[in-house]
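Residue numbers (the numbering used here), protein chains in the order written: chain A, 38 to 208; chain B, 14 to 61. Using N, Cα and C, we set each Cβ at its ideal position, and we do this for glycine too. Let me begin by presenting the structure, written as structure tokens, before commenting on it.
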Amino acid sequence: MKGAFKRMVAGMPIFLTEAQGPGEIAFSRDGAGHLFPLHLTPGTAVLVREHQFLAATGNLDYTFNRVKGVSNMLFGSTGFFVDRFSASHQEGVLWLHGYGNVFEKQLAPNEQIDIEPGGWVYRDETVRMEVQMFGLKTGIFGGGGNMIWNRFTGPGRVGIQSMYLHLPTSE
Amino acid sequence: MQKPPQLLPTKLEDGQAPGIRYRIDGELVPVLHTWLDGRARRPTRAAL
């Protein structure tokens with residue numbers, strides 16, 4: 038999978054198992070949840086939150102981006118990764134894992150949905166994501182603090198998981 | 014009125030793509046079974 042080496046250079050460990058047919062091979066994750074496929078046609082790409090990836094056909098291209106800034110507050114670390122998978126010349130399949138169940142929202146152009154930061158699993162590259170942060174100074178949160186969510190704007194798909202588990206990273 | 018998010022299928026019997034067939038089965042911890050015909054490039058798995 039092209040692009041994985043870049044991630045190793047960035048300091049993240051990557052363990053990659055390759056299989057070549059003919060034959061059968063099975064995969065699962067070590068957590069209760071939901072497995073689902075995303076078929077990528079040539080010229081399309083999908084952005085995937087870190088730790089959601091299970092498997093992909095070898096004809097997909099891979100790269101990643103590191104999200105910093107406000108996300109620091111979300112996870113108590115220095116950021117998190119968003120993986121990008123794309124198909125260039127041939128249809129490919131990406132299999133992802135979400136905790137709990139996974140729902141998909143199809144956004145029309147300029148349609149928006151707000152999702153708790155731990156809730157999204159994937160989005161089409163055509164979907165824009167912005168962080169919304171509100172300071173809380175009154176009410177039951179009288180001690181202050183911030184309420185944060187992500188705002189997604191279509192067109193495109195957004196995957197949402199019903200349960201959130203943030204795996205510890207080495208940072 | 015906006016359409017609410019839709020639950021994705023939890024099972025899949027006969028998924029296909031060039032060079033590969035697959036099935037997703039199981040309840041709590043689902044399993045992805047793949048059958049490779051040897052013509053496609055490799056499926057890959059990584060802990061990212």
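Beta-carbon contacts of residue i that lie in its chain and below 8 Å, excluding the five residues immediately before and after
i      : result
G78/A  : One point to set straight first is that residue 78/A is Thr, not Gly, in the sequence displayed. If we look at T78/A and ignore the five residues flanking it on each side, its Cβ neighbours are A124 and E128.
E148/A : T190, G191 and P192
V85/A  : V119, D120, R121, F122, L131, L133, V158 and Y159
H126/A : P79 and N96
Residue i: contacting residues in chain B (beta-carbon distance under 7 Å)
i      : result
I197/A : P18
Residue-chain proximity (residue i, chain B), Cβ-Cβ < 8 Å
i      : result
E128/A : yes
E167/A : no
I185/A : no
P59/A  : yes
A19/A  : The structure shown does not extend to residue 19/A, since chain A is modelled only from 38 through 208, so no value can be given for it.
L131/A : no
F189/A : no
T81/A  : no
F117/A : no
E148/A : yes
E153/A : no
E162/A : no
T78/A  : no
Proximity test, residue i beta-carbon vs the ligand NAD heavy atom, cut-off 7 Å
i      : result
M166/A : Absent from the structure shown: the ligand NAD. Ligands present: none.
Beta-ladder partner(s) of residue i, from DSSP
i      : result
K142/A : V195/A
P74/A  : W132/A
E61/A  : W48/B
D120/A : V85/A and F101/A
V168/A : N187/A
Y35/B  : G28/B and T47/B
Q149/A : T190/A
E162/A : E162/A is not bridged to any residue.
Cβ of residue i within 8 Å of any chain A Cβ
i     : result
D50/B : yes
Exposure label - residue i; buried when at least 16 CB within 10 Å
i      : result
H71/A  : buried
K142/A : buried
K102/A : Before going further, note that residue 102/A is Asn rather than Lys in the sequence given. Counting Cβ neighbours within 10 Å, N102/A comes out exposed, since fewer than 16 surround it.
F171/A : exposed
Y99/A  : buried
L53/A  : exposed
N183/A : exposed
Q198/A : buried
7 Å CB neighbourhood of residue i in its chain, flanking five on each side removed
i      : result
A145/A : G191 and P192
A82/A  : R121, F122, S123 and E162
P154/A : L111, I185, W186 and N187
Contacts of residue i in chain E (Cβ-Cβ under 9 Å)
i      : result
N138/A : Included in the structure are the protein chains A and B, with no chain E among them.
Neighbouring residues, chain B, relative to residue i (Cβ below 8 Å)
i     : result
P74/A : L25, G28, Y35 and I37
Contacts of residue i in chain B (Cβ-Cβ under 9 Å)
i      : result
F171/A : Chain B residues near F171/A: none, gap ~22 Å exceeds 9 Å.
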